[in-house]
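Line order of the protein sequences matches chains H and W. Residue numbering for the first sequence follows the working numbering, beginning at 366 and increasing consecutively. Residue numbering for the second sequence follows the working numbering, beginning at 366 and increasing consecutively. The C-beta atom is built at its ideal place from N, Cα and C for all residues, glycine as well. These numbers come from a predicted model, not from an experiment. Heads up, the thing below is written out as structure tokens.
2 protein chains.
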Amino acid sequence: MARAQQHLGADTASRILDIGEELVQTRGFNGFSYGDVAADLKITTATLHYHFPGKAELGRALIARYAVRFFDALSAIDARHSGAPARLQAYVDLYATVLRERRLCLCGMLASEYNTLPEPMRDAVIQFFDENERWLTRVMEQGCETGALRLSGPAREAARMIVCGLEGAMLVARPYGDVARFQSAADCLLASVGVSTSLHPAPAR
Amino acid sequence: MARAQQHLGADTASRILDIGEELVQTRGFNGFSYGDVAADLKITTATLHYHFPGKAELGRALIARYAVRFFDALSAIDARHSGAPARLQAYVDLYATVLRERRLCLCGMLASEYNTLPEPMRDAVIQFFDENERWLTRVMEQGCETGALRLSGPAREAARMIVCGLEGAMLVARPYGDVARFQSAADCLLASVGVSTSLHPAPAR
DNA sequence: GTCTATAACGAGATAGAC
DNA sequence: GTCTATCTCGTTATAGAC
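Encoded structure:
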């Protein structure tokens with residue numbers, strides 16, 4: 366099942382998710398409407414309601430897909446990099462890539478709107494941060510054992526600081542349209558756990 | 366001029382600003398309406414339009430008042446504390462106080478909505494962050510000279526990391542309803558510039 | 001699965017009486 | 001300065017034809 370129409374343009378549901386994701390990351394969940402998505406896709410809002418009964422359901426689906434993709438990326442980092450410093454650098458790059466598209470982290474954006482979010486979306490946002498924290502904590506612990514990192518406190522607290530710091534760095538850097546501002550804050554954060562970033566993926570000539 | 370009606374309940378304009386501020390900090394600029402403010406104040410939206418012609422003007426006024434109050438607080442810190450470590454702790458407390466009321470920094474919230482903000486509000490948000498950075502940079506430089514701080518890079522970059530880190534810590538901690546989560550991230554950030562926070566304003570028994 | 005048509009509501013805003 | 005009344009528009013959502 367689902368074999369044709371795979372090549373140029375996925376099925377409608379995933380195209381809706383693509384546009385919805387972009388809109389939430391750039392304008393926020395309260396900053397876009399079904400009408401915006403429909404216009405972008407040249408379909409009607411009625412079609413939208415066929416695929417996602419309401420905005421809350423669309424929101425849930427957006428977080429679910431984003432989280433899967435994000436944690437897949439974390440698994441890929443585990444597979445490709447072995448040391449804690451390299452893993453942390455790759456983790457930072459995940460965020461930088463999002464910011465380069467002038468977007469915020471989906472869940473960072475939703476965290477700012479948390480009080481106005483439909484209930485089911487709230488839990489999903491929390492879960493996203495929890496899983497980030499778990500992954501980072503593991504990396505931190507490993508780095509401590511091998512001596513690759515120097516932490517002044519518990520691994521869990523360092524992990525939380527990194528998540529908070531990166532989310533905040535995206536938030537503040539975006540209005541300036543300045544990815545370097547994010548990168549410099551991220552470097553500072555990594556330096557504080559003992560990761561030297563002097564040789565950064567040299568900004569292409 | 367303006368002498369009566371000062372005691373119980375300020376004039377209408379500032380009561381509008383009070384409610385507006387709370388709504389932006391808790392729900393975001395796109396998450397509240399003139400109707401919400403009017404209902405809270407038991408006035409009509411027409412009255413609101415008399416004091417603030419449109420939502421954009423109300424937004425500008427909100428940032429302006431917030432910024433004045435915030436930078437007054439920074440001056441007060443300069444006056445009351447002399448060492449860089451004490452000043453940084455007091456700076457963190459400014460944020461913690463906001464979060465305890467389950468609010469975000471007004472400009473942190475607006476930064477997340479930056480793309481949807483009326484033009485005049487955007488500049489004001491940027492200015493707020495610039496001034497924060499300037500103040501922190503001065504504190505950092507002073508702390509370096511006296512040897513009270515240990516920075517691994519330029520003072521300006523450390524300042525940016527602190528702003529980003531604190532904004533992000535508020536953002537992430539609020540969904541958890543957990544001020545301790547903020548405090549722990551803040552302590553980590555301060556530790557990274559050489560401020561020891563072992564003896565914190567002990568959480569009342 | 002996608003459309004047309006339309007309902008039902010809320011938002012920002014204005015005119016003009018008091 | 002605050003109100004009532006009203007307007008226009010955007011947003012979410014549904015019924016039913018194709």
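Between residue 546/H and residue 538/H, is the Cβ-Cβ spacing less than 8 Å?
yes
Give, in chain order, every unbroken run of the beta strand (DSSP E) that is at least 3 residues long and sits entirely within the stretch 465 to 532 of chain H. none
Contact belief for residue 460/W with residue 531/W at Cβ below 8 Å, rounded distance in angstroms: 5 Å
For residue 349/W, which residues from the same chain have a beta carbon less than 7 Å from its beta carbon, with the 5 sequence-adjacent residues on both sides left out?
-> Any property of residue 349/W remains undetermined from this structure, which presents chain W solely from 366 to 570.
Item checked: Beta-carbon proximity list for residue 502/H, same chain, < 6 Å, skipping 5 on both sides -> 520, 521 and 524
Less than 8 Å between the CB atoms is what I'm expecting for residue 450/W and residue 560/W, so what's the real figure, rounded? 5 Å
Helix or strand or just coil, what does DSSP make of residue 369/H?
-> Only weak support exists for where residue 369/H lies, its pLDDT of 46 falling under 50; the value from the coordinates is given anyway. Three-state DSSP puts residue 369/H in coil, outside helix and strand.
Quick check on DSSP: helix, strand or coil for residue 540/H? helix
Q) Of the residues that make up the stretch 499 to 510 of chain H, which ones have a beta carbon closer than 9 Å to any beta carbon in chain W? A) none
Exercise. What did DSSP end up calling residue 442/H once you bin it into helix, strand or coil?
Worked result: helix
Review point. Is the Cβ of residue 481/H closer than 8 Å to any Cβ of chain W?
Key: yes
Legend entry - Reference residue 391/W; option with closest CA among 434/W, 400/W, 475/W and 433/W: 475/W
| field | Interface residues of chain H facing residue 474/W [CB-CB closer than 7 Å] | value | 477
Residue range of the unbroken alpha helix (DSSP H) whose run includes residue 375/H:
No alpha helix (DSSP H) holds residue 375/H; DSSP gives it neither H nor E.
Which of the three DSSP states is assigned to residue 450/H in this structure?
helix
Between the Cα of residue 571/H and those of 393/H, 407/H, 510/H and 533/H, spot the shortest distance and give me the residue it belongs to. There is simply no residue 571/H to check, as chain H begins at 366 and stops at 570 in what is shown.
- Task: In the DSSP assignment, find the alpha helix (DSSP H) that holds residue 412/W and state where it starts and stops.
- Result: 410 to 416
Can you grab the Cα-Cα spacing for the pair residue 370/H / residue 515/H, in whole Å? The predicted model places residue 370/H with a pLDDT of 44, which falls under 50 and marks its position as unreliable, so this point remains unresolved.
* Asked: If you measure beta-carbon to beta-carbon, which residues of the stretch 414 to 433 of chain H are closer than 9 Å to chain W?
  -> none
| query | Is any beta-carbon of chain H found at less than 8 Å from that of residue 460/W? | reply | no
Query raised in the report: Considering only the beta carbon of each residue, do residue 554/W and residue 469/W sit closer than 8 Å?
Result: no
**Study point:** Whether residue 396/H touches residue 478/W by CB criterion (8 Å)
**Key:** yes
- Task: Under 6 Å Cβ to Cβ from residue 457/H, same chain only, skipping five residues before and after it: list those, please.
- Result: 551
query: Residues in the stretch 434 to 465 of chain H with C-beta within 7 Å of chain W's C-beta atoms, listed in sequence order?
result: none
message: With the cut-off set at 8 Å, would you say residue 504/H and residue 464/H are in Cβ contact?
response: no
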